[in-house]
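Participant:
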Amino acid sequence: MIRRLLQLIPTFLISTVVLFAIVQAAPGDFLTQLSQNPRITAERLDQLRSIYRLDQPVIVQYWTWLTNFLQGNLGESFAANQPVWELAAPRLWNSLILVLISTVLAYGLGIAIGVYGALRPYSLADRLISVFAYFGLGIPSFFFGLLVIFGMVTLKQNTGWDVPIVGKSSGALQDPSPLRYAWDVFLYALAPSIVLALRSIAGESRFIRGQMLEVMGQDYIRTARAKGLGANKITYKHAFRNASLPLVASLGGLLPALIGGAGFIEVVFAWPGVTPLLLDSLATQDLYVVISITALSTVLYIVGNMVSDILLAAVDPRIRFS
Amino acid sequence: MKKALFVALALAAGSAVAAPYVHPANQSVSKATDAKTGGTLRLTVAGDFDTFNPLVAQGRPNIPELTDAGGLFTVDPYTYEYEGYMAQSFTQSPDKRTFTFTLRPELRWSDGQAITADDFISAFKIYAADEESNLYSYMSDNGKPVTFRKLGDRQLSITFPRATVQNLETISYLSPLPDHIFGRAFGNGGAAGVKAVRALWEINTDPSKLVVSGPFKVASYRRGERLTLTKNPQFGAWNKDSAGKALPYLDGLQYAVVKDQNAQLATFLAGNSDLHAPTNRDQLAQIVAAKNGGKLNVEVLANAGPAAAVDFLYFNWNKSSSPFKQTLFRNPRFRQAMSQLVNREQIIDQVLGGLGVAAYTSVYPLYSEWVAPNVDKYKFNPAAAAKTLDALGFTRRGADGIRVDSKGNRLSFTLNTNSENTRRQQIARIFADEAKKIGVEVKTSFVPFNQLLEVVYPESDAAKLNRQFDAAITGLGGGGFINPVGVASVFECGGDLNGYNQSSRCIAPWETQQLNLFYKSTAEFDQAKRRAIANQIQRLQVENQGLIYILSQNSHYAWDSKVQGEYPKKIATPLWASSYFGTRNIALTWLNR
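Here the protein sequences line up with chains A and B, keeping their order.
Okay, so the first sequence: first residue is 1 according to full-length UniProt numbering, each after it adds one.
Okay, so the second sequence: first residue is 1 according to full-length UniProt numbering, each after it adds one.
1) Per DSSP, S77(A) forms a beta bridge with which residues?
2) Name, please, each residue of chain B whose Cβ falls closer than 7 Å to the Cβ of N94(A).
3) Measure the C-alpha to C-alpha separation of Q7(A) and K325(B) and round it to an integer number of angstroms.
4) Distance cutoff 7 Å, beta carbons only. Does residue 342(A) sit that close to anything in chain B?
5) List the residues of chain B that V166(A) touches, going by C-beta distances under 7 Å, in chain order.
6) Got a sec? Which residues, its chain only, sit under 7 Å from A25(B) by beta carbon, not counting five neighbours each side?
7) Write down every uninterrupted run of the beta strand (DSSP E) in the stretch 60–96 of chain B whose length is 3 residues or greater and which is fully enclosed by it, in chain order.
8) Can you give the beta carbon distance from I165(A) to A463(B), rounded, assuming they're within the 8 Å contact cut?
9) Distance check for A572(B) and E81(B), CA to CA, integer angstroms please.
10) Using 8 Å as the threshold, is the stretch 199–208 of chain A in touch with the stretch 224–232 of chain A, meaning 3 or more CB pairs across them?
11) Cβ of G230(A) less than 7 Å from any chain B Cβ?
12) Are there 16 or more other CB atoms within 10 angstroms of the CB of L278(A), so buried, or fewer, so exposed?
13) Look at the alpha carbon of S102(A) and the alpha carbon of G160(A), and state the distance between them as a whole number of angstroms.
14) Evaluate the contact criterion for the stretch 164–174 of chain B versus the stretch 522–530 of chain B: three or more CB pairs, one atom per stretch, below 8 Å.
15) Roughly how many angstroms lie between the CA atoms of R396(B) and S412(B), to the nearest whole one?
16) Give the secondary structure of D400(B) by DSSP, where H, G and I count as helix, E and B as strand, and everything else as coil.
17) Quick one: Cα of A88(A) to Cα of F30(A), how far?
18) Against Q61(A), what residues of chain B qualify as contacts under a CB-to-CB distance less than 9 Å, listed in chain order?
19) Determine the extent of the beta strand (DSSP E) in which residue 607(B) is found, giving its start and end residues.
20) Between the stretch 234–241 of chain B and the stretch 101–113 of chain B, are three or more C-beta pairs nearer than 8 Å?
21) Should Y78(B) go down as buried or exposed, given a rule of 16 or more other Cβ atoms within 10 Å for buried?
22) Who are the near neighbours of H180(B) in its chain, counting only those whose CB is closer than 7 Å to its CB and skipping five residues on each side?
23) Going by beta-carbon coordinates alone, are I473(B) and T414(B) separated by less than 7 Å?
24) Answer with yes or no whether the minimum CB distance from R42(B) to chain A is below 7 Å.
25) Taking Cβ-Cβ distances shorter than 7 Å, what residues in chain A pair up with N316(B)?
26) Leaving out five residues on either side along the sequence, give the residues of the same chain with a beta carbon under 8 Å from the beta carbon of P20(B).
27) From the DSSP output, in three-state form, read off D282(B) for me.
28) If the criterion is Cβ atoms closer than 7 Å, does the pair N450(B) and S321(B) meet it?
29) Does N73(A) get closer than 7 Å to chain B when you measure Cβ to Cβ?
30) What is the DSSP secondary structure of L313(B), reduced to helix, strand or coil?
31) Quick one: which residues of the stretch 270–301 of chain B get their C-beta closer than 8 Å to a C-beta of chain A? List them in chain order.
32) For a test of the three-state rule: what should DSSP assign to G14(B), helix, strand or coil?
33) So with Cβ pairs under 7 Å, would you call residue 594(B) a contact of chain A?
34) Let's test the definition: count the other Cβ atoms within 10 Å of the Cβ of G75(A) and tell me whether it reaches 16, buried, or not, exposed.
35) Would you tell me roughly how many angstroms separate the C-alpha atoms of N94(A) and I507(B), rounded to the nearest one?
36) For E441(B), which of D400(B), D206(B), E454(B) and G475(B) has the nearest alpha-carbon?
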């Protein structure tokens, strides 16, 4: 365990150095765009460069960032003129909402569909589910998101129904109660969460179906059947439990997703999550926002992998973690 | 004694003749008597807001800008003349450097305190001390400070180091800060004072503590979701419509934060926002289709006019590594021929779907009244271009069909532009196709914007004399309208935005002439005379083609039919349109519910 934690250090250092080098290797810096503004003089740019400490050598910049980061200070955003954490925290929270709803949907529906398919393999329903699953895996989610928005706009134009289309909440609500507000946000989060979950549902259900089919064909299940155990007990206590081991292990992988956000879906649905912030920061070369958020997700990725291992050891008696 | 003081005060108050600013009737298509009050206008904004503090605010739009009334001056969009806004009256000294203002007696902050000379004076002090404030650079000219004096509670003067027409523009940007908050925090100034004022009004501040001058004040802000502004009743005390009614008409504004352009369009198409400015042909087409299909009750103003931006092509005059190219690129006849290979009409048709205007000089086509006559002297004419190239000695053609001169130099160069901009890339390709037809090889190369800037505007003096590119297409946007012929940094030899010549010495005599004429124009207060000088500058540009201007894109606006009070057609141009409210003044906007 301690060895794993120690391994974290070089991994973190190497990944952040590489990250820093890549961001710095891109031509220009945060101020380059400003230099095209006729109202800003060259002297002013030099001044700003020294205020933002962009005139320092890259190594000095990295060292300053690293020491601050280790003390819990993620640095300042040039563009927003405020600490990165203050900028990122509400975005992380927003992303979390989408990730959580879609994860619950993905696992809930994915498992149900997968188990159903495994119990009735090659039936008509199973085949239909397979076809839909391949569609789900094949269509890029941002494109599917655009289709959904188009559908909702058409619906609104033709029926006048107050469909929550993009954004995080409705403007018509004036000073809502916390509960009413949470419900509003949930409604707005639903469409992007479903789009987001669709791909995972397809993936998870295929996965569970395959695992279940494999487990169901094994000797101990046949033995259990021969002993006259009930079908439900066999399915859920013995088969499903074993089939779901890899699924439990993959839960740790969710950690970086919590901070990575829901990706382009957030952009498409104008959901104020982490991805739009990260994209903006990349475009403006807002150094510390990019580096700090990415470094955070690196840490979570490493921790997530550890958690996966531990979980696997916990649910699978054959694996021991020493 | 007390009584004497009272009498003196009463006399002073009596001299303050009530003089609210009356918003001219000719700036709205609605009759003032038709306008209804109340209602909330719903808008979208592309990004989160970062601060309530006007000194810290950077991006556009920002909250301080949306809640700010403006400055001492405003502009008549019909005559382009500056007139008093917060200033009831003003005078200009004979040397044209000092302006003296008398403020309107009704001016009030949103907390009810009077806006006085102190609010301006402490704002100027803070702007001049805070290097990071947006207005810092306006508080000095060529290293010399702008000075200001309080002459009374409602009187102040501003003295500029030089008499230039830009000073008028500068005054219109200078807005007051509440002295009872910012002035108090600033104290005796210095670094501590700057730090104290910058620490005021962070984004987590209770909005009710904010003090603003504009028509609306902040009611609430939920990050990533929505900014809600509500009417500032104090604004109506000094802003009246032509019928004498207090402004604004609206109760409030609501900005939904919607980053993605498609999502913004979807919001408008779903009827969830009231104003939208389509940025391209596709967006415009979708709105028009929804309107024509009866799905959406909106008004569309397509092609309101060209935007305040232009694309241009230029050749590198500082290429000591290739004497052949350097000499060629410095030859005005070569550049005239190249201008004749830019098929501006075809480019506008194919690239912009016809939604653009050809450009020939540094004056954006938007300022049509400032564009000199007959500037399209070197418009598309491949035959004439071929003739010129023959005359320059490129008479033979190589096996590949490319022209060669008597010394065997091929007529071939690389044209760069930025990889993020598909419009410029298409322009480059169309240009290359036309060039090839008459035996000129143009290779195109697309690199990221920042990389291109580093190549075109290198840092070191040595690199400036040997820049590593042949030709490039970039553009310019923004700038003022008081002297729209351009800015010094484009005209100066080695200027920050001079694409063709980055060496600090002028190479061709016309460069010096152009610069001198420009300086002359900035010191000319008579608009007609300033235009005459601008015409001279444009004639030099057309003959010499330092920058080969190509086109401006058109702007479009759409709004829900219930939104009323837009500008009359004559001034409903992108020049007077605002990026947030479209072709309308927000104070005169009303909802027909």
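By construction, the Cβ of each residue, glycine as well, lies at the ideal position given by its N, Cα and C atoms.
Facilitator: Well, looking at it:
1) Q82(A)
2) G224
3) 57 Å
4) No statement about residue 342(A) is possible, as the shown extent of chain A runs from 1 to 322 and does not include it.
5) V258, A263, A266 and T267
6) A32 and S242
7) 73–75, 82–84 and 87–92
8) No, I165(A) and A463(B) are not in contact; Cβ-Cβ is about 51 Å, not under 8 Å.
9) 17 Å
10) no
11) no
12) buried
13) 28 Å
14) yes
15) 14 Å
16) coil
17) 18 Å
18) Simply none; closest approach about 17 Å.
19) What is shown of chain B runs 1 to 593, which leaves residue 607(B) out entirely.
20) yes
21) exposed
22) Q113
23) no
24) yes
25) What N316(B) touches in chain A: nothing, since even the nearest Cβ is about 18 Å away.
26) R104, E106, A237, W238, N239 and K240
27) helix
28) no
29) no
30) strand
31) A270, G271, N272, A290, K295 and L296
32) Low confidence applies to G14(B): its pLDDT is 39, below 50, so where it sits in the model is not reliable, and the reading given next is rough at best. Helix.
33) No information on residue 594(B) is available, as it lies outside the stretch 1 to 593 that chain B covers here.
34) buried
35) 57 Å
36) D400(B)
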